[in-house]
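K.L.:
The following block contains the structure, expressed as structure tokens.
Numbering (this note's numbering), first residue to last: 80 to 303.
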């Protein structure tokens, strides 16, 4: 499984465009009065104000080269304030193995850069957003993870270690060897490096095979 594109809602469109295109330097693909779309490695992300209600926020991650975590961290600290957990501003996932950093964007999304040492390729270029490989993770928050996981299986998306789906923990849906996951969870679980808890907001995920995974404006789960 690979993620081709993601569409997320925001009520802060201009601030988001200035942040991602201006401050961080992502490449703008297109825009209109209600949205803008940018390149994220081999994928694309779009932020839209269409049908936005309340103040939506999401968790998503970008894969970066295996040898670029420290450089990416220095680069990020020049542009954003890194989030801190237990007194440290990076996560060491020894079981993967990987290191990650986190920051907020203007909409309060929890953004992650993750370097997966056994999966990601190396790079000899100085780190920039052009170094980002692809979209690594997107949180998919639903009322019933078990029933949704069965629907995801129908389009070939399985838990990464074939573990039983949990209602309380995060479920990483996708192939471990690719380092690309839909994080299936129910509302109310705190995102690490954040004081925010998982909540249901509309989104659209398009996979590389063009299957679409949607939370519609009524917060209902759909697959096409």
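Where a beta carbon is used, it is the ideal one built from N, C-alpha and C, also for glycine.
Which of the three DSSP states, helix, strand or coil, is assigned to residue 155?
P.N.:
Numbered from 1 along the chain shown, position 76 holds the residue referred to as residue 155. In this structure, residue 155 counts as helix in the three-state DSSP scheme.
K.L.:
Give every residue of the same chain whose Cβ lies closer than 8 Å to the Cβ of residue 120, excluding the five residues on either side of it in the sequence, and list them in chain order.
P.N.:
On the chain shown, position 41 is the one that residue 120 refers to. Contacts found: 141, 142, 211, 212, 213 and 214.
K.L.:
The alpha helix (DSSP H) that contains residue 224, what's its start and end?
P.N.:
Position 145 of the chain shown holds residue 224. Counting along the chain, the alpha helix (DSSP H) containing residue 224 begins and ends at 224-233.
K.L.:
Return yes when the Cβ of residue 181 is within less than 8 Å of the Cβ of residue 191, no when it is not.
P.N.:
Here residue 191 corresponds to residue number 112 of the chain shown, with the count starting at 1. Here residue 181 corresponds to residue number 102 of the chain shown, with the count starting at 1. For residue 191 and residue 181, yes; Cβs fall inside 8 Å.
K.L.:
Going by beta carbon distance, what residues of the same chain come within less than 7 Å of residue 175, once the five residues before and after it are set aside?
P.N.:
For the purposes of this step, residue 175 is identified with residue 96 of the chain shown, where counting begins at 1. Same-chain partners within the cutoff: 195.
K.L.:
Taking the alpha-carbon positions, what's the residue 251 to residue 216 distance?
P.N.:
What you label residue 251 is simply residue 172 of the chain shown in a count that begins at 1. What you label residue 216 is simply residue 137 of the chain shown in a count that begins at 1. C-alpha separation (whole angstroms): 9 Å.
K.L.:
State the DSSP-derived secondary structure class of residue 50, mapped to helix, strand or coil.
P.N.:
For residue 50 there is no data in the structure shown, the boundaries of the chain being 80 and 303.
K.L.:
Only counting the same chain, and skipping five residues up and downstream in sequence, which positions put a Cβ closer than 7 Å to that of residue 171?
P.N.:
Counted from its first residue, the chain shown places residue 171 at position 92. Within the same chain, Cβ atoms closer than 7 Å to the Cβ of residue 171 are found at 178, the five residues on either side in sequence being excluded.
K.L.:
Which same chain residues end up closer than 6 Å to residue 81 when comparing Cβ atoms and leaving out the 5 residues on each side of it in sequence?
P.N.:
Position 2 of the chain shown holds residue 81. Here the set comprises 259 and 287.
K.L.:
Excluding the five sequence neighbours on either side, which residues of its own chain have a C-beta within less than 6 Å of the C-beta of residue 285, listed in chain order?
P.N.:
As a first step, residue 285 must be located in the chain shown, where it is residue number 206. So the qualifying residues of the chain are 83, 84 and 291.
K.L.:
Relative to the C-alpha of residue 130, which candidate in 92, 108, 153 and 164 has its C-alpha closest?
P.N.:
Position 51 of the chain shown holds residue 130. Among 92, 108, 153 and 164, the Cα nearest to that of residue 130 is on 92.
K.L.:
What does the alpha-carbon distance come out to for the pair residue 274 and residue 185?
P.N.:
Locating residue 274 in the chain shown gives position 195, where the first residue counts as 1. Locating residue 185 in the chain shown gives position 106, where the first residue counts as 1. So the alpha carbons of these two residues sit roughly 15 Å apart.
K.L.:
Relative to the alpha-carbon of residue 156, which residue among 102, 145 and 125 has its alpha-carbon at the smallest distance?
P.N.:
Translated into the one-based positions of the chain shown, residue 156 becomes position 77. Closest option to residue 156, Cα to Cα, is 102.
K.L.:
Just verifying my parser: in three-state terms, what is the DSSP assignment at residue 107?
P.N.:
Numbered from its first residue, the chain shown carries residue 107 at position 28. In the structure shown, residue 107 sits in a strand (DSSP, three-state: E or B).
K.L.:
Determine the closest residue to residue 137 out of 242, 183, 237 and 300, with distance taken between C-alpha atoms.
P.N.:
Mapped onto the chain shown, residue 137 falls at position 58. Minimum Cα distance to residue 137 is reached at 183.
K.L.:
Using DSSP's beta-bridge definition, name the partner residues of residue 122.
P.N.:
Indexing the chain shown from 1 puts residue 122 at position 43. Residue 122 pairs with 119.
K.L.:
What does DSSP give as the partner residues of residue 172 in its beta bridges?
P.N.:
In the chain shown, the residue the question calls residue 172 occupies position 93. According to DSSP, residue 172 bridges with 177.
K.L.:
Here's the rule: buried if 16 or more other CB atoms are within 10 angstroms of the residue's CB, otherwise exposed. What is residue 266?
P.N.:
Within the chain shown, numbered from 1, the residue matching residue 266 stands at position 187. The residue is exposed, with fewer than 16 neighbouring Cβ atoms inside 10 Å.
K.L.:
Along the chain, where does the alpha helix (DSSP H) containing residue 95 start, and where does it finish?
P.N.:
The count along the chain shown starts at 1 and reaches residue 95 at position 16. Taken as a continuous stretch (DSSP letters only), the alpha helix (DSSP H) holding residue 95 covers 92-96.
K.L.:
Which whole-angstrom value is the C-beta distance of residue 264 and residue 282, which I expect to be below 8 Å?
P.N.:
Here residue 264 refers to the residue found at position 185 when the chain shown is read from its first residue. Here residue 282 refers to the residue found at position 203 when the chain shown is read from its first residue. Not confirmed; about 13 Å, so no contact.
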